[in-house]
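Comments concern the structure below.
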Amino acid sequence: MFVPRVYREPEESWKIDLVRGNPLGQLVSNGAEGEAPWVTHVPIIIDPRVTEPVTSLSGTTLWGHMNIGNPHWRALGPATPVAVTFSGPHAYVSPTVYETRPAAPTWNFTAVHIAGVLRKVDSTDETLATVQETVRAYEREFGADWSMTESIEYFRRILPGVGAFRIAISLADGMFKLSQEQPPHVRERVRASFACEASTAHREVAALMGRLGTEDRETVSARPAAAPPPSMGTP
């Protein structure tokens with residue numbers, strides 16, 4: 009993914025947080041010669057069996073699953089190079105927010121693109137574990153801690169239709185386009201405008217812009233007084 013330096017994440021945790029908070033990824037793999045690539049939306053989690061805190065996506069494993077009736081599943085080989093894209097909060101920026109002329113509209117957005125090798129899970133137990141761990145992670149993050157326990161036999165019955173997989177990540181790129189190219193006072197104007205919007209998307213972007221501003225200030229304050237803070241636009 010092409011990422012101008014000004015839009016790179018301040019630290020690796022931003023990419024990890026985006027994947028965990030927006031886990032419906034788009035799985036992409038090559039189609040047959042002369043045909044379009046395969047693209048499927050799939051639920052994804054970061055390897056739940058890692059005991060140490062995840063500090064980098066590169067070198068980490070993703071777990072996912074899809075319906076084996078999907079032709080994309082049949083197109084996947086034993087070790088298939090794939091990409092997975094994750095979209096985070098995003099919102100349209102109207103030029104009216106800038107209160108300057110000339111101005112042009114844009115779109116603030118956040119995304120993570122991952123490259124790696126996908127391998128299918130052959131074991132029924134591991135396929136069930138994939139579904140269980142996915143449900144557990146999503147209930148903890150987005151649900152009400154519902155447990156599969158009482159429905160486990162139902163899940164066992166539908167398991168033959170589930171194709172589980174693992175993706176060993178070789179590369180993870182993030183882009184967090186949050187008005188960094190604008191002067192600080194304009195960035196704050198955009199953030200404040202978004203924070204007052206009714207839409208959840210705008211407020212989520214505002215929260216990320218606020219986090220970015222806080223981390224920028226903390227980074228600058230941690231530097232020796234004699235060293236002036238570099239411009240975010242410096243290549």
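In the working numbering, the protein residues as written are 9 to 243. The beta-carbon is built from N, C-alpha and C at its ideal position, and this holds for glycine as well. Please read all numbers here as calculations on a predicted model, not as lab measurements.
Point to revise | Entirely enclosed alpha helix (DSSP H) segments - the stretch 59-119, minimum 4 residues | key: 79-83
Review point. Where do the N-terminal and C-terminal ends of the alpha helix (DSSP H) with residue 192 fall, by residue?
Key: 192-203
Practice item. With a threshold of 16 other CB atoms inside 10 Å of the CB of residue 179, please say whether the residue is buried or exposed. Key: exposed
Exercise for review: Might you give, ordered along the chain, the residues of its own chain that have their beta carbon closer than 8 Å to the beta carbon of residue 75, omitting 5 neighbours on each side?
Suggested key: 81, 169, 170 and 171
Exercise for review: Determine the contact status of residue 111 and residue 103, defining contact as a CB-CB distance below 7 Å.
Suggested key: yes
Check your understanding: Going by DSSP, what residues sit across from residue 184 in a beta bridge?
Key -> 118
Check your understanding: Which partner residues of residue 171 appear in the DSSP bridge assignment?
Key -> 74
Review point. Taking the Cβ atom as the reference point for each residue, do residue 261 and residue 120 lie within a distance shorter than 7 Å?
Key: Beyond the ends of the chain as shown, which are 9 and 243, falls residue 261; an answer cannot be given.
**Study point:** Alpha-carbon spacing of residue 196 relative to residue 26, whole angstroms
**Key:** 22 Å
Check your understanding: Skipping 5 residues on each side, what residues in its chain have a beta carbon closer than 6 Å to that of residue 122?
Key -> 92, 177 and 180
Exercise for review: Following the continuous alpha helix (DSSP H) through residue 7, name the residue where it begins and the one where it ends.
Suggested key: The shown model of the chain, from 9 to 243, leaves out residue 7, and the question about it has no answer.
Point to revise | Minimum C-alpha distance to residue 199 - residue among 213, 14 and 68 | key: 213
Point to revise | Buried versus exposed, by CB contacts within 10 Å (16 or more), residue 97 | key: buried
Check your understanding: With which residues is residue 37 paired in a DSSP beta bridge?
Key -> 46
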